[in-house]
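Read in order, the letters of the sequence shown correspond to residues 1 to 429 in the UniProt record's numbering. C-beta: ideal position from N, C-alpha, C; glycine also. It should be emphasised that the depicted structure is a prediction, and the values quoted were computed from it without experimental measurement. Below is one structure, written out as C-alpha cells; comments come after it.
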Amino acid sequence: MPFLANMKIITKILVVIGFLGAIAGGLSYIAITGMDEMNASSERMDREATNARLIAALGANVLAIGRAEGQLGTDPRPEAVAQIQTQIDAERARFADRLDRVRQASTGDILASAERVASEWETFLGGVEQTLAAARRVEGFEMTEATAQLREQVQQSAQRGNALRQTLLDISRDLEDRVGALKDEATAQYEASSRLLLIVTFGGIVLGIGVGFAIAKFGIADPLRRLVAMVQRLAGGEFDIEIEGRDRKDEVGEIAQAVEAFKIKLAEEARQEAEEKIVADRELAEKRRVEMNRMADDFENAVGEIVNIVSSAATELQAAAGTLTASAEETSSQSASVAAAAEQAAMNVQTVAAAVEELASSAGEIGRQAEQSREVAGRAVSEATRTTDRMGELRTNADQIGAIISLIDEIAEKTNLLALNATIEAARA
1 MPFLANMKII TKILVVIGFL GAIAGGLSYI AITGMDEMNA SSERMDREAT
51 NARLIAALGA NVLAIGRAEG QLGTDPRPEA VAQIQTQIDA ERARFADRLD
101 RVRQASTGDI LASAERVASE WETFLGGVEQ TLAAARRVEG FEMTEATAQL
151 REQVQQSAQR GNALRQTLLD ISRDLEDRVG ALKDEATAQY EASSRLLLIV
201 TFGGIVLGIG VGFAIAKFGI ADPLRRLVAM VQRLAGGEFD IEIEGRDRKD
251 EVGEIAQAVE AFKIKLAEEA RQEAEEKIVA DRELAEKRRV EMNRMADDFE
301 NAVGEIVNIV SSAATELQAA AGTLTASAEE TSSQSASVAA AAEQAAMNVQ
351 TVAAAVEELA SSAGEIGRQA EQSREVAGRA VSEATRTTDR MGELRTNADQ
401 IGAIISLIDE IAEKTNLLAL NATIEAARA
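Written as C-alpha cells, this is what we have:
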C-alpha cells in the first residue's frame, strides 16, 4: 500500500478513527432515520386512531339526536319539545366540533369522507328541524293529521340518521383498517431498521477491524519489522545492505533515514578500524621481523661461539687422546718388561711361581686393556673430528675416555704394586 508510506502515523490513526466515526455516523443516521419513520408512522397511527374515536363519537351524537327525535313522537308537549331542542342543540354542537377536528387531522380519502359526512349531516339536521317544527304543531295527544305527520317525519329522520351512522361506521372501519396497516408498516419498518442496523454495525466493525489491521500491519508493523531486521544485520557487520523506506514520508521513513546515517557511521568506523588494524599488523610484522633478525643474529653468534668452543675442545681432546695413546704404549712396553722380569724371576725363584703366574696374567690383562685403550683413543680421535655434528656423542665419549684413564691409572697402580711385590720376593730369595 504505497499511499500509506506518505501518511504520518497520527494520520493513519486518525484515518482509522475517522472511518470508525463515519461508520458510527452512518449507524446514527440509519437509527435516526428509522426512528423518524417509526415516529411518523406512530403519528399517523395516532392521528388515524383519533379520527376513528372522533368518528365513533360522531355516530354517538347522531344516535343521541335520533333518540331525542324519537321521543318527540311519543311526547310532543311543548316543554318536552323545548327539552329535546336543548339536547339536540348540545349534540349538534359536539358533532360540529368533532367533525371540524376530523377535517383538520385528515387528508385524502378521509377528508373526502368527512366532507360527505358533513353533507349528510346537513341533510340529517334539516330533517331534524322539520321534525321539531312538526312537533310544535301537534296539540295534545289526540291522533290528528299533525301527529301523523310528526311520526312520519320522525321515521324519515331516523332513516336519514341511520344512513349517516352507517357512513360514519364505514369511515370508522376504514380508519381501523388504516391503523392496522400503519401498525404492520411500523412493525415492518422496525424489523427492517433493526436488520439494517445489525448488518451495518457488523459490516462496520468488520471493515473497521480490517482497515485498522491493514493500516497497522502494512503501514506501521511490517516496515518497522524490516527496519529491525536491517539494524540486526548492521549489528552483525553487514554494511553493504540497502536500507528500505528512506523515501517514505512518515515516521518509518525518518527512522530509515536515521538507520542509513547510523549505517554510514558504522561503516566509516569499521573502515577506520580495519585501516588501523592493517597498520598495527604491519608494525607488528615489522617488529617481529626485526626481532627474528636479532634472534637469528644472536643465534648465529652463539652457534659460532659454540663451534669455536667445540673446535677448541676437539683440538684439546685430540691432543689429550694423542697423549693418552703414548701413555698407553709406554704402559704396554713397561708391562712387557715387567712380564720378562717376572718370567726371569720365576726361573730363579720357585717360591714366587704363583706370584709370577699371577703377574703374567695381570700383564696380559694390562696388555689387552692397553690395546682397548688404544682403540678407544682412536675412536675418540675420530669422534673429535666430527664434534660439530655430534655434540651429544662428544660428552658421552669424553665420559668414556675419563673412565679409561681411570682404568689405566688403576692398572698402573696394580702394575707398580706387582713389581714391588716381585722385587721384594726376589730380594728375599
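Exercise for the section: Please state if the CB of residue 175 and the CB of residue 31 are separated by a distance shorter than 9 Å. Expected result: no
_Tell me the DSSP secondary structure of residue 405 in three-state form._
helix
How many Å lie between residue 24 and residue 37 at the Cα?
Taking the straight line from one Cα to the other gives about 20 Å.
### Query
For residue 270, which residues of its own chain have a beta-carbon under 8 Å away from its beta-carbon, when the five flanking residues on both sides are left out?
237, 239
Margin query: Out of 168, 245, 107, which one is the CA nearest neighbour of residue 218?
Written below: 245
**Message:** Give me the residue from 93, 76, 170 with the minimum Cα distance to residue 134.
**Reply:** The closest CA to that of residue 134, considering only 93, 76, 170, is found on 76.
query = Does the distance from the CB of residue 47 to the CB of residue 90 come in under 9 Å?
reply = no
| In terms of residue numbering, what span does the alpha helix (DSSP H) encompassing residue 28 cover? | 9–74
**Prompt:** If residue 102 sits next to residue 55, beta carbons under 8 Å apart, how far is it from one beta carbon to the other, in whole angstroms?
**Reply:** Contact between residue 102 and residue 55 holds: CB atoms are separated by about 7 Å, below the 8 Å threshold.
Would the segment 194–207 count as touching the segment 59–70 if we require 3 or more Cβ pairs under 8 Å? no
Inset, instruction - Within its chain, find whatever has a CB closer than 8 Å to the CB of residue 29; leave out the 5 residues flanking it on each side and keep chain order. - result: Residues of the same chain with their beta carbon placed closer than 8 Å to that of residue 29 are lacking, with the five preceding and five following residues left out of the count.
Review point. Among residues of its own chain, excluding the 5 on either side of residue 26, which ones have a beta-carbon nearer than 8 Å to its beta-carbon?
Key: 200, 204
Taking the Cβ atom as the reference point for each residue, do residue 247 and residue 8 lie within a distance shorter than 9 Å?
no
Exposed or buried, which one is residue 210 when buried takes at least 16 other CB atoms within 10 Å? exposed
Worksheet entry | Beta-carbon gap between residue 81 and residue 116 smaller than 9 Å | no
- Under a Cβ-count criterion, where at least 16 other Cβ atoms within 10 Å of its own Cβ denotes burial, should residue 259 be classed as buried or exposed? buried
In this structure, does DSSP put residue 425 in helix, strand or coil?
helix
query: DSSP state of residue 86, grouped into three classes?
result: helix
- Item | Contact with chain D by residue 277, beta-carbon distance below 9 Å | Looking for chain D here will not work: only one protein chain is present.
*Exposed unless 16 or more other CB atoms sit within 10 angstroms - verdict on residue 215*: buried
Can you check which of these residues, 132, 108, 58, 181, is closest to residue 121 by C-alpha distance? 58
Taking the alpha carbon of residue 255 as the point to measure from, which residue in 4, 226, 161 has its own alpha carbon closest?
Ranking 4, 226, 161 by Cα distance to residue 255 puts 226 first.
Alpha carbon to alpha carbon, how far is residue 125 from residue 185? When rounded, the distance between both Cα atoms is 39 Å.
### Query
Measuring CB to CB, does residue 193 end up less than 9 Å from residue 35?
yes
* According to the Cβ coordinates, are residue 130 and residue 166 closer than 9 Å? -> No. Outside cutoff.
### Query
Run through DSSP, which three-state label would residue 264 get?
helix
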